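Colleague:
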DNA sequence: CAAGCAGTTGAACACTTATTCAACTATTTG
DNA sequence: CAAATAGTTGAATAAGTGTTCAACTGCTTG
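Chains as they are written, first to last, in this note's numbering: chain A, 4 to 127; chain B, 4 to 127.
(1) Is the Cβ-Cβ distance between residue 17 of chain A and residue 72 of chain B less than 9 Å?
(2) With respect to the alpha helix (DSSP H) encompassing residue 43 of chain B, which residues constitute its N-terminal and C-terminal limits?
(3) DSSP has residue 77 of chain A in a bridge; who is on the other side?
(4) Whole-angstrom Cβ separation of residue 122 of chain B and residue 119 of chain A, contact assumed at under 8 Å?
(5) Under the three-state reduction of DSSP, which class applies to residue 26 of chain B: helix, strand or coil?
(6) Thinking C-beta only, is residue 102 of chain B closer than 9 Å to residue 66 of chain B?
(7) Is the region 101-116 of chain A touching the region 48-56 of chain A, taking contact as three or more C-beta pairs under 8 Å?
(8) Can you look up residue 94 of chain B in the DSSP assignment and give me helix, strand or coil?
(9) Run down chain A in chain order and give the residues with a C-beta less than 8 Å from the C-beta of residue 47 of chain B.
(10) In the DSSP assignment, find the beta strand (DSSP E) that holds residue 101 of chain B and state where it starts and stops.
(11) Is it buried or exposed, residue 124 of chain A, if we count other Cβ atoms within 10 angstroms and call 16 or more buried?
(12) Could you check where the alpha helix (DSSP H) with residue 54 of chain B kicks off and where it finishes?
(13) Keeping to the same chain, check which residues put their C-beta closer than 8 Å to that of residue 14 of chain B; ignore five residues upstream and five downstream.
(14) From what residue to what residue does the alpha helix (DSSP H) around residue 113 of chain B run?
(15) Is there a C-beta anywhere in chain A that falls below 9 Å from the one on residue 82 of chain B?
(16) Can you tell me whether residue 33 of chain A is buried or exposed, with buried defined as 16 or more other CB within 10 angstroms of its CB?
(17) Near residue 91 of chain B, which residues of its chain fall below 8 Å by C-beta distance, leaving aside the five closest residues on each side in sequence?
(18) From the DSSP output, read off the bridge partner residues of residue 65 of chain B.
(19) Counting only beta-carbon atoms, is residue 119 of chain A nearer than 9 Å to chain B?
(20) For a quick check, are the C-beta atoms of residue 86 of chain A and residue 46 of chain A less than 9 Å apart?
(21) State the DSSP-derived secondary structure class of residue 19 of chain B, mapped to helix, strand or coil.
(22) Have a look at residue 93 of chain A and residue 42 of chain B and give me their C-alpha separation to the nearest angstrom.
(23) Using the three-state DSSP reduction, which class does residue 86 of chain A fall into: helix, strand or coil?
(24) Once you ignore the five residues that flank residue 6 of chain A on each side, which residues in its own chain have a CB closer than 7 Å to its CB?
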């Protein structure tokens, strides 16, 4: 929708707090930062990736062993590791044919912990 | 893939650490908890929802004003608020025609903060 | 009560995404 | 060197998702 038409096409509630709206508009982070951050956080929104991160939480593990633990193909794991690499959540070390992955971001443990805490509070 | 065929169809790397694999298999949270938690965390993986949560971080705001701040339709906002309600991230209070939303989960601020921290560390 | 406003909802659409499959590289081993 | 192993990659497919649109509920006000 074109921005100049927005006020015509959309709401402008009668009793709305113009000052609050102005304040909030200013407070929203820049679009680029929103895009990057939501992309980063979406990494945690998939069960397979969450399990991989859980596995790497305390150990350095090769692709094959991750696949073995999760009972999934190496291909599927490798695809997900590519995403984790892309967002700098994991790093890797090659040793012969094997590639060992490990966590490289200190926010990961915190975010996962908050996630599980929420689930436990809500569903138990 | 059927589990009984997994070892045949998939890897079981020669030099793999059987003890580590066994330990990791036991450590993985139950599937139900993984599903619930990844679903919860996926809420943060969308730009619009991230902005809504940001807005509600400190203020109680009606649907129309959220739409106004984000230059989006009330319908789009309402659909996203439904998801935020479903995962108990927000609660609401009706006052006449208006519905005021606010945060209802104490993990939200933490998770968002970690997300933005990560983005700032990586891209700046 | 009729009109307008705030908000919700379901269907439709375009877009994204996770896994599978097959082909590939690179390293190790017999 | 040939075969096997560890891992990666691109294309294809099936499933999931966000916004739009139109229709709807419910509240308020003239």
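We put the beta carbon where it would ideally sit given N, CA and C, even for glycine. These numbers were taken from a predicted model, which means no experiment stands behind them.
Modeller: Taking the structure as given:
(1) Going by beta carbons, residue 17 of chain A and residue 72 of chain B fall outside the 9 Å limit.
(2) Secondary structure note for residue 43 of chain B: its alpha helix (DSSP H) is the uninterrupted segment 34-45.
(3) Under DSSP, no beta-bridge partner is assigned to residue 77 of chain A.
(4) Contact doesn't hold; Cβ gap of about 23 Å is too wide.
(5) Of the three classes helix, strand and coil, the one that applies to residue 26 of chain B here is helix, per DSSP.
(6) Contact flag set, yes.
(7) They touch, by the three-pair rule.
(8) Three-state result, residue 94 of chain B: strand.
(9) Within chain A, the residues near residue 47 of chain B are 41, 44, 45, 47, 48.
(10) Where residue 101 of chain B is concerned, the enclosing beta strand (DSSP E) stretches over 101-106.
(11) Per the 10 Å Cβ criterion, exposed.
(12) For residue 54 of chain B, the enclosing alpha helix (DSSP H) begins and ends at 50-59.
(13) Note that residue 14 of chain B scores 49 on pLDDT, short of 50, meaning its location in the model is unreliable; the coordinates nonetheless yield the value given after this. Excluding sequence neighbours, residue 14 of chain B sits near nothing in its chain.
(14) 111-126 is the span of the alpha helix (DSSP H), which, as asked, contains residue 113 of chain B.
(15) Taking Cβ atoms only, chain A never reaches closer than 9 Å to residue 82 of chain B, which makes this a no.
(16) Counting C-beta atoms within 10 angstroms of its own C-beta, residue 33 of chain A has fewer than 16 neighbours from the protein chains shown and is therefore classed as exposed.
(17) For residue 91 of chain B, where only same-chain residues beyond five positions count, the Cβ hits under 8 Å are 107, 108.
(18) Answer is B:103, bridged to residue 65 of chain B.
(19) Chain B contact via Cβ: present.
(20) Taking 9 Å as the cut-off, the Cβ atoms of residue 86 of chain A and residue 46 of chain A count as close.
(21) If DSSP states are grouped into helix, strand and coil, residue 19 of chain B belongs with coil.
(22) When rounded, the distance between both Cα atoms is 22 Å.
(23) Helix.
(24) Note that residue 6 of chain A scores a pLDDT of 32, beneath 50, so its modelled location is shaky; the value from the coordinates is reported in the next line. Within the same chain, and ignoring the five residues on either side of residue 6 of chain A in sequence, no residue has its Cβ closer than 7 Å to its Cβ.
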